[in-house]
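Peer 1: In the order they appear, the protein sequences are chains A, B, C and D.
In this text, residue positions in the first sequence follow the UniProt record's numbering: the first is 1, and each later residue adds one.
In this text, residue positions in the second sequence follow the UniProt record's numbering: the first is 1, and each later residue adds one.
In this text, residue positions in the third sequence follow the UniProt record's numbering: the first is 1, and each later residue adds one.
In this text, residue positions in the fourth sequence follow the UniProt record's numbering: the first is 1, and each later residue adds one.
4 protein chains.
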Amino acid sequence: MVGYKFMGKAHSHAYRDVSFYFDNQVEPVLQAICGRDQAAVKEAAEKMGWLSYETDWRALIARDDIDLIDIVTPNSSHAEIAIAAAEAGKHVFCEKPLAMTLEQAKRMLAAVEKNNVLHMINHNYRFAPAVQFAKNLINSGRLGRIYHIRATYLQDWIMDPQFPLVWRLSKEACGSGAHGDLAAHSIDLARFLVGEFNEVSGLMETFIKERPLVEGSSGLSGSASSSKTGPVHVDDASLFLARFENGAIGTFEATRFAGGNRNGNRFEINGEKGSVRWDMEKMNELDVYFHDDEVNVQGFRTISCTEEGHPFAAAYWPAGHIIGYEHTFINLVVELVKGLEKGESPAPNFVDGMKNQAVLEAVERSASLKRWVAISEIESKFS
Amino acid sequence: MVGYKFMGKAHSHAYRDVSFYFDNQVEPVLQAICGRDQAAVKEAAEKMGWLSYETDWRALIARDDIDLIDIVTPNSSHAEIAIAAAEAGKHVFCEKPLAMTLEQAKRMLAAVEKNNVLHMINHNYRFAPAVQFAKNLINSGRLGRIYHIRATYLQDWIMDPQFPLVWRLSKEACGSGAHGDLAAHSIDLARFLVGEFNEVSGLMETFIKERPLVEGSSGLSGSASSSKTGPVHVDDASLFLARFENGAIGTFEATRFAGGNRNGNRFEINGEKGSVRWDMEKMNELDVYFHDDEVNVQGFRTISCTEEGHPFAAAYWPAGHIIGYEHTFINLVVELVKGLEKGESPAPNFVDGMKNQAVLEAVERSASLKRWVAISEIESKFS
Amino acid sequence: MVGYKFMGKAHSHAYRDVSFYFDNQVEPVLQAICGRDQAAVKEAAEKMGWLSYETDWRALIARDDIDLIDIVTPNSSHAEIAIAAAEAGKHVFCEKPLAMTLEQAKRMLAAVEKNNVLHMINHNYRFAPAVQFAKNLINSGRLGRIYHIRATYLQDWIMDPQFPLVWRLSKEACGSGAHGDLAAHSIDLARFLVGEFNEVSGLMETFIKERPLVEGSSGLSGSASSSKTGPVHVDDASLFLARFENGAIGTFEATRFAGGNRNGNRFEINGEKGSVRWDMEKMNELDVYFHDDEVNVQGFRTISCTEEGHPFAAAYWPAGHIIGYEHTFINLVVELVKGLEKGESPAPNFVDGMKNQAVLEAVERSASLKRWVAISEIESKFS
Amino acid sequence: MVGYKFMGKAHSHAYRDVSFYFDNQVEPVLQAICGRDQAAVKEAAEKMGWLSYETDWRALIARDDIDLIDIVTPNSSHAEIAIAAAEAGKHVFCEKPLAMTLEQAKRMLAAVEKNNVLHMINHNYRFAPAVQFAKNLINSGRLGRIYHIRATYLQDWIMDPQFPLVWRLSKEACGSGAHGDLAAHSIDLARFLVGEFNEVSGLMETFIKERPLVEGSSGLSGSASSSKTGPVHVDDASLFLARFENGAIGTFEATRFAGGNRNGNRFEINGEKGSVRWDMEKMNELDVYFHDDEVNVQGFRTISCTEEGHPFAAAYWPAGHIIGYEHTFINLVVELVKGLEKGESPAPNFVDGMKNQAVLEAVERSASLKRWVAISEIESKFS
């Protein structure tokens, strides 16, 4: 894997966890991670469980113990690394957007095809169970002919004019702003669910045209800013209308200036027989409307896509125990481990378990006697 | 760890992932797992990454390469295992409810205290970031004196009268039904957030009093049922009113007969200065009301507890990328791995990346030229 | 009608509007209104369209041009007035709760029955279209056997300890606090939708036990308070568990101390085949779950109970134009009337209409020419 | 008033009710209503309380007992009637959209200005209290500089291809389809809240290009259709992007093909300091986000715009008793009136009141005795 920040963390975690949940035959081995800063990449490798590390991606590609190159670097380096990997006969998994330009993208595609290596791009939102389920409904004809999609991807993390010119706001590193970062996700969801685009009419805007420069290192944190400012060359917002090949029409809006929306990746699709609605921030739910529901009880249903029959869901937890449920356990184990470090029983412990039991028994006794029961009455039975 | 089913999976996952996200000094080692069915426990050990397995929990406790015993067995065996583990000098982490009876719970507590081992009980819902944040608000006085809690834990998985008499419906194995399984969680959340109970008045009900017996194996699936039926001795629903030591009052309802509610673990707490509301099925959100908000703009706020300052949240993803976000990556990697198995590029691949890029560029061109741009116009530039 | 405050206003409005919407044969005539304060009742009569007024309810009852006596006075006077009206051969429509005590209620019922007059009580929430529709679903068996009801009526208007001891907090005037005011509504909805109560276990609490006395007049406003305080004899909150004759069980909570809940009259009912949920603050919606929905698309549907087939709905507006829609017109007409008073065209006026038209035409032109169109380009065509 | 269908009903109701709620000095008198079908207009006049009627709008305008002409006819006749009314010295209140073309609109504006009469246009959604409150927030600078508006008006009433070619789908009568009917509302809300439009890029689409012709009468019901079909010349959907004079940008979508959305008139506005969101189907609520809320408790608040300080709200009901609350009374009075017609006490009546009282007393007794109390125990006290 080349790169180890936000996306590197998400990819690493997925490689580690996939075989825990699923019964895949091929099991990923986290062979090597690569980054230019030796100390940082070494730490990342240890933290995330990679067996080795490299500081030059060319060295990584040259290794013959590696089958797949995963590219999670800024957009500007995707093409060079991917093509080199393909030329070296490695399978390639690349972060989105694939490239800085269509011309680059075509060269990348040509390279993987010529060298006969497998390739994948990380449009991860396709893989939310609710999105896959929406796809199933559409494919099975439950929505009929598609008329509309309206997709938004709303964020607000750079609204402060003092937020600095980090790499994600750099034309050189990213090619665009909200457009390639956010609209690219909505475009992929639309292609996945509705079909191919035919034509578009767009509008791009940069609201804050000058921002403080970052001194030294860059990064999402944007904490280290200088007193100098520089011009912003990427878009803060990208809006467009679209016509699809199948006659559907759509509105798209990607912005980093929608206050109060931290990660509002949402869509609604309307077909002749039904509609679906999804919101990433409630990712386990799909709202579904069927026109053939009987009169008077038509309405959007909120479906928790966590049943055994929902895509990917059987690998995880029982119905209603949403994806994310397991994090309550991880967080609890943090406390457990801290307790072991300190030699102190963490809360909740057996004292809590005992007091909980006292309440449970008081309720049972109350239900049986049909009167109020004090906890002290229960506890005194054993004191 | 003793046991390896639903809870065993959740615990195992937490041990594996904790050091990936957090900077704990003590790192859990998954030394050994224990179960009576040798084939099944062996498979579980491999699947979940345990280094060895045992088929007798006494053997597990006897091993000196183990510091902590994690008990995820049915309730009826908690006391015996926990006390034995404590006697052997092992730290003990136990599933909830701690015991079948208050008397058992007291003996368990006495055992860990006498043997000076650390102990913890798995009330995992305390550790949702939104719940911890609610606790912070209460502790800091933001809600003032607490007047009310209303807590429900609503499920619907046994509403079919033909659903069989699985072990979770067995008085011998569990002690109670919804009461110990669900109400115990609400009681813990109430103790955590409001304080100690003073007295209660309860009602317990079994709606379906006779169910098909399970032949052979038992389990949540309940698929294998026989033609014979047996009486249900545990409650389907448990309701109670409560008074707390600090003067607050509460209503509690736990049921497995609330159709449409898959896992409705919810509470609302009202204090003199504010209120909080939480719903497990939207676990990243906390609704908060502050009475001192200025007049006319008072209302419940929906807070996405994913900011750096929210409890545990900094270990995970950027704001709005809710806990669970990483599963889109895991699901994607399943497809990637399947592609490698089959020797086919999975979707989305570089073809998709290229087409996405074409749309991105068409929008940019449209925005620049202030007219509609066909995708074919863009693609033909490079063909 | 005896009384003319909050409830008097709601009743008067209903008499005025019923024949506008519905095709009833008997048309209410607002013959006379009654109150002790002559100036205030005269003003109320004029404001609300009553043809005459009285200052003594005995005089009202004595009039032979009146068929129906509507009692909207504080609870303490219901019995005396209702019984006198019945004795005088008048039909009686009474505010809820019917009486201060069951003994009073029984005497009132005996009086109307003995005198053979018609009688009705104002449990108005039964008549929300969504509640009536829930009743239809239950009656038609769509929910099957009822297992659960959980009903809350949550308000927060007296949480300030400095809020004075108004008549609604007076034991003498009202008999109880939240109990008779709010729980009475939930009890009626439960009787309407679930059936008769069998037994109950309750808890009543007064959180603020001493409040400032009101000097002079009383009333909901509570603005005029004195420096003296007095004890509060009514409940701030009333909670209870219930068993119904048909085997259903329920939790009920009425409180004036649930911060952030202005008028949270809500219920959820779970039956063997389905569930319904309602919230007065979203009164046009009913959430409905059907267990026989096909697997994987089960979920609560949000139904806008405004279709022609929904109870009462056909009398009002087209689907989705919720009850309340007409108030946008009332508010607009206020501005229109103010404009006439001032001799100024109110906003929006024909200037707005013209500018709106310019945008509409610019969009049409843009859609036709497939390029951006400036508003000035359109406007200049006619300048 | 010229016209008496859907809009005629809404306007008539507003004239009748305005003085009931508000303290305006000028009180509307419903002098005369006008329509071509004598029987229908006579019935409408009686039903809605107009003192007289005319069958020729020229006759209406010629009357000297009329000060204001209210035009609720199809769009094609607005200009002719409005100009004639202005020439006759009448004030004019006109339905939206003002005209069929900008040219007509300019002539209408010129006519009212030349004749010095007052004029208003019915963009009623401005007058929802929540929308007015949004306006107040924006005007007071609480949202700061406006960046975005995204407005949708989604309906679904003509999705059935067999729905006939009613007058609202006629180019001659209406000029356009969703565009003038729905987008005109969103444009007005945007002008009201954000400011003047600068330029637009649009897309209009007709999904169903041929529909059954209506035989004989026309109308929204569309029930009477013939076997012949005709072409649809108006748009089913209208989408556009916009730039505003103040630098804000927007997306707009109006459609009658968004299944499951009965009347989805919604907008979200994002400014540098805050955001607001509104949905007509929850018209009493405004979601508000303030960027200057303290860290960790930022989130959209759901504000019930029913407090005394909210625009227009003081004229109606107490906080939380949303606009529409009074309809529960109207619907109840329908039952009361029906009871009088039939000579039967409607439900709920004094029997219900008595039974309700029994439950209330049982709860009180239970709370006092701290044990369960059967209803029969209470009732038997007085039998």
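Idealized CB from N, CA, C, for every residue including glycine.
Apart from the five residues just before and just after C:K370, which ones in its own chain have a Cβ nearer than 8 Å to its Cβ?
Peer 2: The residue you call residue 370 of chain C lines up with position 370 of the third sequence. Contacts found: none.
Peer 1: Taking only runs of the alpha helix (DSSP H) that begin and end inside the UniProt domain "GFO/IDH/MocA-like oxidoreductase" (132 to 277) of chain C, which ones reach a length of at least 4 residues, in chain order?
Peer 2: The UniProt domain "GFO/IDH/MocA-like oxidoreductase" (132 to 277) of chain C contains these whole alpha helix (DSSP H) runs: 171 to 174, 184 to 193.
Peer 1: Using a cut-off of 9 Å between C-beta atoms, extract the partners of residue 403 of chain C located in chain A.
Peer 2: Beyond the ends of chain C as shown, which are 1 and 383, falls residue 403 of chain C; an answer cannot be given.
Peer 1: Look up D:R36 in the DSSP assignment and say whether it is helix, strand or coil.
Peer 2: The residue you call residue 36 of chain D lines up with position 36 of the fourth sequence. Coil at D:R36, not helix or strand.
Peer 1: Return the residues of the region 173 to 196 of chain C that lie within a Cβ-Cβ distance of less than 8 Å from chain D, sorted by chain order.
Peer 2: S176, H179, G180, A183, A184, I187, D188, R191, F192, E196
Peer 1: A:A2: which of A:L154, A:V234, A:H78 sits nearest, CA to CA?
Peer 2: For the purposes of this step, residue 2 of chain A is identified with residue 2 of the first sequence, where counting begins at 1. Correcting the residue identity first, residue 2 of chain A is Val in this sequence and not Ala. Here the closest residue by C-alpha is A:H78.
Peer 1: Just checking: is the beta-carbon of C:V295 within a distance shorter than 8 Å of some beta-carbon in chain A?
Peer 2: Along the third sequence, read from residue 1 onward, the residue named residue 295 of chain C stands at position 295. Interface residue, yes.
Peer 1: Tell me the DSSP secondary structure of D:T328 in three-state form.
Peer 2: As a first step, residue 328 of chain D must be located in the fourth sequence, where it is residue number 328. If DSSP states are grouped into helix, strand and coil, D:T328 belongs with the helices.
Peer 1: Between C:A367 and D:T206, what straight-line distance do the alpha-carbon atoms span, to the nearest angstrom?
Peer 2: Within the third sequence, numbered from 1, the residue matching residue 367 of chain C stands at position 367. Within the fourth sequence, numbered from 1, the residue matching residue 206 of chain D stands at position 206. Cα atoms of C:A367 and D:T206: separation of roughly 12 Å, rounded to the nearest angstrom.
Peer 1: Report yes if the C-beta distance between C:E361 and D:M204 is below 8 Å; otherwise report no.
Peer 2: Within the third sequence, numbered from 1, the residue matching residue 361 of chain C stands at position 361. Within the fourth sequence, numbered from 1, the residue matching residue 204 of chain D stands at position 204. No. Outside cutoff.
Peer 1: With DSSP as the reference, identify every bridge partner of D:A374, one or two as the case may be.
Peer 2: Locating residue 374 of chain D in the fourth sequence gives position 374, counting from the first residue. Partner(s): C:E199.
Peer 1: Is the CB-CB distance between B:M280 and B:R266 below 8 Å?
Peer 2: If you number the second sequence from 1, residue 280 of chain B lands on position 280. If you number the second sequence from 1, residue 266 of chain B lands on position 266. Yes. Within cutoff.
Peer 1: Name, in chain order, the residues that DSSP records as bridge partners for D:H91.
Peer 2: Numbered from 1 along the fourth sequence, position 91 holds the residue referred to as residue 91 of chain D. D:L68.
Peer 1: Judging by CA-CA distance, which residue of A:N124, A:E46, A:R63 is the nearest neighbour of B:G353?
Peer 2: Here residue 353 of chain B refers to the residue found at position 353 when the second sequence is read from its first residue. Relative to B:G353, the option among A:N124, A:E46, A:R63 whose CA is nearest is A:N124.
Peer 1: Would you list, in chain order, the members of the region 17 to 37 of chain C that have their beta-carbon closer than 7 Å to a beta-carbon of chain D?
Peer 2: D17, V18, F20, Y21, F22, N24, Q25, V26, P28
Peer 1: Which word fits A:K209, buried or exposed, when buried means at least 16 other C-beta atoms lie within 10 angstroms of its C-beta?
Peer 2: Position 209 of the first sequence, counting from 1, holds the residue named residue 209 of chain A. The residue is exposed, with fewer than 16 neighbouring Cβ atoms inside 10 Å.
Peer 1: Measure the CB-CB distance between C:F252 and C:D236 and report whether it falls below 8 Å.
Peer 2: Here residue 252 of chain C is taken as the residue at index 252 of the third sequence, counted from 1. Here residue 236 of chain C is taken as the residue at index 236 of the third sequence, counted from 1. With contacts defined by Cβ atoms closer than 8 Å, C:F252 and C:D236 do not form a contacting pair.
Peer 1: Can C:P28 and C:A173 be called in contact, C-beta distance under 8 Å?
Peer 2: Counting from 1 along the third sequence, the entry for residue 28 of chain C is found at position 28. Counting from 1 along the third sequence, the entry for residue 173 of chain C is found at position 173. It is not a contact, given that the beta carbons lie outside the stated cut-off.
Peer 1: Does B:E377 get closer than 8 Å to chain C when you measure Cβ to Cβ?
Peer 2: If you number the second sequence from 1, residue 377 of chain B lands on position 377. No, B:E377 lies away from the interface with chain C (no Cβ there is under 8 Å from its Cβ).
Peer 1: Excluding the five sequence neighbours on either side, which residues of its own chain have a C-beta within less than 8 Å of the C-beta of D:F133, listed in chain order?
Peer 2: Along the fourth sequence, read from residue 1 onward, the residue named residue 133 of chain D stands at position 133. Here the set comprises L286, I303, C305, H310, P311.
Peer 1: Following the continuous beta strand (DSSP E) through B:R301, name the residue where it begins and the one where it ends.
Peer 2: Along the second sequence, one-based indexing puts residue 301 of chain B at 301. B:R301 -> beta strand (DSSP E) spans 300 to 304.
Peer 1: Are D:I375 and C:N198 closer than 8 Å when you measure CB to CB?
Peer 2: For the purposes of this step, residue 375 of chain D is taken as the residue at position 375 of the fourth sequence. For the purposes of this step, residue 198 of chain C is taken as the residue at position 198 of the third sequence. In contact: D:I375 and C:N198 (Cβ atoms closer than 8 Å).
Peer 1: Below 8 Å on the Cβ atoms is my guess for residue 396 of chain C versus D:L30; work out the distance and round it to an integer in Å.
Peer 2: No answer is possible for residue 396 of chain C: the residues shown for chain C start at 1 and end at 383.
Peer 1: Would a check of beta-carbon distances place A:R262 closer than 8 Å to chain B?
Peer 2: Counting from 1 along the first sequence, the entry for residue 262 of chain A is found at position 262. Yes, its Cβ sits closer than 8 Å to a Cβ of chain B.
Peer 1: Under the rule that 16 or more other beta-carbon atoms within 10 Å means buried, what is A:S275, buried or exposed?
Peer 2: On the first sequence, residue 275 of chain A is found 275 positions in, with the first residue counted as 1. Buried, by the Cβ-count rule.
Peer 1: Should the region 110 to 127 of chain A be regarded as contacting the region 320 to 330 of chain B, the criterion being three or more beta carbon pairs within less than 8 Å?
Peer 2: yes
Peer 1: Kindly list the residues whose CB is nearer than 7 Å to the CB of C:S221, restricted to its own chain and excluding five residues on each side of it in sequence; keep chain order.
Peer 2: What you label residue 221 of chain C is simply residue 221 of the third sequence in a count that begins at 1. Any reading at C:S221 must be qualified, since the residue scores a pLDDT of 46, below 50, and its modelled position is unreliable; the value itself is stated next. Excluding positions up to five away in sequence, the list is empty.
Peer 1: Tell whether a beta-carbon distance below 8 Å holds between D:Y147 and D:L182.
Peer 2: Position 147 of the fourth sequence, counted from the first residue, corresponds to residue 147 of chain D. Position 182 of the fourth sequence, counted from the first residue, corresponds to residue 182 of chain D. Against a cut-off of 8 Å, the Cβ pair of D:L182 and D:Y147 comes out as no contact.
Peer 1: Whose Cβ in chain D lies nearer than 9 Å to the Cβ of B:H310?
Peer 2: For this step, residue 310 of chain B is matched to residue 310 along the second sequence. Chain D residues near B:H310: N296.
Peer 1: Alpha carbons only, please: which of B:S76, B:E80, B:M48, B:A86 is nearest the one belonging to B:I66?
Peer 2: In the second sequence, residue 66 of chain B corresponds to position 66, counting from 1. With distances taken between Cα atoms, B:I66 lies closest to B:A86.
Peer 1: Note down, in chain order, every chain A residue with its Cβ under 8 Å from the Cβ of D:K370.
Peer 2: By 1-based counting over the fourth sequence, the position of residue 370 of chain D is 370. Here the neighbours are R371, W372.
Peer 1: Look at the alpha carbon of A:P97 and the alpha carbon of A:G175, and state the distance between them as a whole number of angstroms.
Peer 2: Locating residue 97 of chain A in the first sequence gives position 97, where the first residue counts as 1. Locating residue 175 of chain A in the first sequence gives position 175, where the first residue counts as 1. So the alpha carbons of these two residues sit roughly 10 Å apart.
Peer 1: I'd like to know whether the C-beta of A:P346 is nearer than 8 Å to at least one C-beta of chain B.
Peer 2: Taking the first residue of the first sequence as position 1, residue 346 of chain A is located at position 346. A:P346 counts as touching chain B.
Peer 1: How would you label D:R58, buried or exposed, when you count the other beta carbons within 10 angstroms and need 16 or more for buried?
Peer 2: The residue you call residue 58 of chain D lines up with position 58 of the fourth sequence. Its Cβ having fewer than 16 others within 10 Å, D:R58 is exposed.
Peer 1: From B:E344 to A:N136, what distance separates their C-alpha atoms?
Peer 2: Looking up residue 344 of chain B in the second sequence gives position 344. Looking up residue 136 of chain A in the first sequence gives position 136. Cα-Cα distance, rounded: 22 Å.
Peer 1: Using a Cβ cut-off of 9 Å, pull out every chain A residue sitting near C:E307, in sequence order please.
Peer 2: Position 307 of the third sequence, counted from the first residue, corresponds to residue 307 of chain C. Here the neighbours are V295, N296, Q298.
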